[in-house]
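Participant: Just passing along the structure, written as structure tokens.
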Amino acid sequence: MILMFGEESSPVPVEEGEVYDVTIQDLARQGDGIARIEGFVVFVPGTKVGDEVRIKIERVLPKYGFASLVE
1 MILMFGEESS PVPVEEGEVY DVTIQDLARQ GDGIARIEGF VVFVPGTKVG
51 DEVRIKIERV LPKYGFASLV E
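Numbering-wise (UniProt numbering), the sequence shown opens with residue 1 and increments by one.
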């Protein structure tokens, strides 16, 4: 199958409002933690590398998403 420019190449593996258990793998330049869910990058403010946290997806964009910590 040939994908044309602008076609969705793969479905996003997360949904806004969903909760996931993740491990923070990296830090963004702004200091937010980065988790990956099936390779999809999720930015999680207030975390550091190695943290194992429960997150709630707040916003999903085509290439990455944003989440908050669930207490």
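Even glycine gets a Cβ: it sits at the ideal position worked out from N, Cα and C.
Do residue 47 and residue 61 come within 9 Å of each other at the CB atom, strictly closer than that value?
Facilitator: For residue 61 and residue 47, no; Cβs fall outside 9 Å.
Participant: Would you tell me roughly how many angstroms separate the C-alpha atoms of residue 67 and residue 11, rounded to the nearest one?
Facilitator: Whole-angstrom Cα-Cα distance: 18 Å.
Participant: Identify the residues that DSSP records as bridge partners of residue 23: which are they?
Facilitator: The partner list for residue 23 (beta bridge, DSSP) reads 52.
Participant: May I ask you to report which of helix, strand or coil DSSP gives residue 59?
Facilitator: DSSP places residue 59 in strand when its eight states are reduced to three.
Participant: How would you label residue 35, buried or exposed, when you count the other beta carbons within 10 angstroms and need 16 or more for buried?
Facilitator: Residue 35 is buried by the Cβ-count criterion.
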